[in-house]
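A.B. asks: Numbering (our numbering), first residue to last: 94 to 563.
Here a beta-carbon is modelled for each residue, glycine too, at the ideal position from N, C-alpha and C.
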Amino acid sequence: VLHQMETLLSTVLAQGDALTRQGIVGIVSPHRLQRPFDEDLSVLTNALGKEFLENGRGIFLSSDQALQLEKLAERLLQGEAVDASTNEMQRFLNEFVTLRKVTFEAVLTSFDSLVRQAAKRLDKEVAAIEVSGGTELWIDPQMYQAFLHSLGHVLRNAVVHGLETPEDRWSAKKHDAGKITCEVALEKDVIKLSIADDGAGIDLDAVRQRAVEAGLYAEDEARELPDDEVASLIFREKISTLDTVTEFSGRGIGLAAVRVEVEKLGGTVEVRTVAGQGTQFLFTLPLQRGESGQRGVLAIHDKPGDYPGLVMQSIISKTRDYFESEHTTRLTELGSDNGELESLELLDLTAIIGMGGQIKLQIAFSFQESLADAVYEWMTAGFNDHPDDVEKHRQAAVGEVVNTILGHCTIDIQYLDRQGISMTPPVILGRATPFPMMDDAAFRSTHLNTAMGRLDIILIGPRELFSTAT
């Protein structure tokens with residue numbers, strides 16, 4: 094039923110300006126879904142029992158765990174001092190710390206049935222998912238829930254698009270069963286996840302053609318695109334290498350959803366592919382914090398977080414998303430710098446916003462003049478009047494863009510400060526205006542380039558904030 098609904102929605106998109114709210118409501122009405130939903134729910138209820146479904150987020154303790162907890166409570170109520178450093182108490186506390194959590198390894202191996210089911214229906218063979226690392230990496234599944242669900246698209250894509258049929262693999266001198274491997278590591282408070290298959294690789298020519306058909310590039314532009322940029326287009330909506338839509342793939346939506354969830358976490362994803370050898374997805378995810386203020390990941394030898402790095406990751410992600418979605422402008426990273434505030438060099442027009450809360454930073458967006466002009470044109474497009482004070486309105490346009498981007502970032506990185514993250518109004522500096530000096534301050538900057546000019550994103554804060562960042 095959902096597949097049919099998606100097909101109808103894809104059809105009405107062709108109506109363009111004639112598409113109405115009522116037309117959409119008629120397709121996605123809950124009444125169309127209620128009966129099949131109730132039927133599915135009854136199957137689960139009969140198999141698992143009503144009590145199982147109604148328990149929701151309930152956690153069950155074994156009788157031994159309950160007894161341990163009871164004894165600890167009694168000791169504490171009697172005023173007894175408890176030595177948390179003993180081996181016995183460490184084992185007990187670690188058991189309860191991870192009670193709601195799951196290992197990253199367990200999450201990835203849980204997709205094995207999904208992968209096997211997809212392979213069976215496509216007459217393909219696939220070995221059990223191989224996972225290395227992640228056995229000691231415990232995560233709060235609620236905090237990563239949307240991202241973990243989106244990984245189903247990646248693994249299903251590996252089967253649908255990547256792995257060949259047994260006959261084709263035999264011809265390519267590969268084992269009949271395809272292989273999907275996952276590697277997990279925690280590096281400097283950042284989760285690194287790799288998901289790779291040993292299939293045929295991405296058909297880059299097909300991706301180029303879809304990009305042209307979707308209006309993203311002209312044919313000559315698509316031909317000149319480097320292969321790595323072409324591969325990254327699979328994260329754009331409506332880009333799929335399949336000619337027909339199936340219940341598994343073909344709409345070009347799945348991987349776009351993956352990228353959205355990754356960026357919500359302040360992370361990044363890239364794809365590497367080699368024809369005839371396979372495809373690899375590389376995820377970088379910052380740690381998350383739960384309602385208790387504890388980190389969403391537990392691991393041996395945990396280290397303090399690189400908060401400026403997490404903030405910078407989020408800002409770059411939201412900046413790229415804003416420029417690409419609102420103005421179809423791609424950004425590429427040119428490099429980064431660190432240093433004392435005295436050595437900071439600004440471009441032609443700079444907007445500075447203070448971010449308050451537990452992590453106090455000044456955030457500067459420094460625009461090359463040509464890019465600032467383009468922003469002004471975008472923000473004033475459609476207005477008939479041309480203000481006399483162009484410079485004043487250009488500064489306002491730049492400030493509004495920066496406000497918009499950082500507004501999305503505060504939602505994205507709110508886990509860094511439970512008390513809330515505040516922002517000051519933007520202060521605009523010209524090239525001739527020196528940056529306000531701060532005692533004992535340093536900066537970290539990332540240089541981005543667009544077709545209209547350069548943009549530098551700069552974080553300024555106390556020197557120790559950057560020196561303790563790992």
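Could you tell me the boundaries of the alpha helix (DSSP H) in which E181 lies?
C.D. replies: 180-190
A.B. asks: Counting only beta-carbon separations shorter than 7 Å, does L437 have a partner in chain B?
C.D. replies: Any reference to chain B falls outside this structure, which holds one protein chain only.
A.B. asks: Tell me whether I117 sits in a helix, a strand or coil according to DSSP, three-state version.
C.D. replies: Reduced to three states, the DSSP call for I117 is helix.
A.B. asks: Taking 7 Å as the cut-off, decide whether the C-beta atoms of S178 and A350 are in contact.
C.D. replies: no
A.B. asks: Could you name each continuous alpha helix (DSSP H) segment of 4 residues or more that falls completely within the stretch 198-245, going from the start of the chain to the end?
C.D. replies: 205-214
A.B. asks: If we call anything under 7 Å between Cβ atoms a contact, is L403 one with G359?
C.D. replies: yes
A.B. asks: Which term fits P621, buried or exposed, when burial requires 16 or more other beta carbons within 10 angstroms of its beta carbon?
C.D. replies: Only positions 94 to 563 of the chain appear in the structure, and residue 621 is not among them; the question remains open.
A.B. asks: Give me the Cα-Cα distance between N477 and L434, rounded to the nearest whole angstrom.
C.D. replies: Because the pLDDT of N477 is 49, which lies under 50, any placement of that residue in the model is unreliable, and the question is left without a value.
A.B. asks: Here's the rule: buried if 16 or more other CB atoms are within 10 angstroms of the residue's CB, otherwise exposed. What is E317?
C.D. replies: E317 should be labelled exposed.
A.B. asks: What's the C-alpha gap between F446 and A544?
C.D. replies: The amino acid occupying residue 446 in the given sequence is Ile; Phe does not appear at that position. So the alpha carbons of these two residues sit roughly 25 Å apart.
A.B. asks: For L170, I'd like the list of residues in its chain whose CB is within less than 6 Å of its CB, leaving aside the five on either flank, ordered along the chain.
C.D. replies: none
A.B. asks: In whole angstroms, what is the alpha-carbon distance linking T421 and W471?
C.D. replies: 11 Å
A.B. asks: Mind listing, in chain order, the continuous alpha helix (DSSP H) runs of no fewer than 4 residues lying wholly within the stretch 418-488?
C.D. replies: 462-473
A.B. asks: Could you spell out where the alpha helix (DSSP H) holding V136 opens and where it closes?
C.D. replies: 123-141
A.B. asks: Short of 6 Å in beta carbon distance, which residues of its chain neighbour N431, apart from the five on each side in sequence? Order them along the chain.
C.D. replies: R537
A.B. asks: Leaving out the 5 sequence neighbours to the left and right, which residues in its chain are closer than 7 Å to A221 when beta-carbon positions are compared?
C.D. replies: D205
A.B. asks: Would you kindly check if the distance between the Cβ of L442 and the Cβ of A457 is under 7 Å?
C.D. replies: no
A.B. asks: Assuming R303 is part of the alpha helix (DSSP H), what are its boundary residues?
C.D. replies: Residues 297-306.
A.B. asks: What three-state label does DSSP hand T258 in the structure shown?
C.D. replies: coil
A.B. asks: With burial defined as no fewer than 16 other Cβ atoms inside 10 Å of the residue's Cβ, what is the status of P319: buried or exposed?
C.D. replies: exposed
A.B. asks: Should R352 be labelled buried (16 or more other beta-carbon atoms within 10 Å of its own) or exposed?
C.D. replies: buried
A.B. asks: Please name the residue, chosen from Q127, P234, R128, V252, that lies closest to K217 on a Cα-to-Cα basis.
C.D. replies: V252
A.B. asks: Is P519 near G492, with beta carbons less than 7 Å apart?
C.D. replies: Against a cut-off of 7 Å, the Cβ pair of G492 and P519 comes out as a contact.
A.B. asks: Buried or exposed: which applies to D549, given that a residue is buried once 16 or more other Cβ atoms fall within 10 Å of its Cβ?
C.D. replies: So D549 ends up on the buried side.
A.B. asks: Report the option in L256, G142, R125, A211 whose CA atom is closest to the CA atom of K272.
C.D. replies: L256
A.B. asks: How long is the line joining the alpha carbons of A239 and T274, rounded to whole angstroms?
C.D. replies: 21 Å
A.B. asks: Consult DSSP for K411 and reduce its assignment to one of helix, strand or coil.
C.D. replies: Reduced to three states, the DSSP call for K411 is helix.
A.B. asks: CA-CA distance, E419 and V224?
C.D. replies: 39 Å
A.B. asks: Considering only the alpha carbon of each residue, which of S436, L440, M448 lies closest to M405?
C.D. replies: M448
A.B. asks: Using CA coordinates, which residue listed in I152, P129, V483 is at the minimum distance from V190?
C.D. replies: Nearest Cα to V190 within the set I152, P129, V483: I152.
A.B. asks: Determine contact between the stretch 291-306 and the stretch 322-331, defined as no fewer than three beta-carbon pairs at a distance below 8 Å.
C.D. replies: With a cut-off of 8 Å, the stretch 322-331 and the stretch 291-306 count as touching, because enough Cβ pairs lie within range.
A.B. asks: To which residues of the same chain is R365 closer than 6 Å at the C-beta, ignoring the five residues directly before and after it?
C.D. replies: If the five residues before and after R365 are omitted, its C-beta is found closer than 6 Å to the C-beta atoms of Q373, all from its own chain and listed in chain order.
A.B. asks: Of the choices Q370, A534, G308, whose alpha-carbon is the least far from that of L266?
C.D. replies: In the sequence under discussion, the amino acid at residue 266 is Lys, which differs from the Leu named in the question. Here the closest residue by C-alpha is Q370.
A.B. asks: What span of residues does the beta strand (DSSP E) with A534 cover, start to end?
C.D. replies: 534-543
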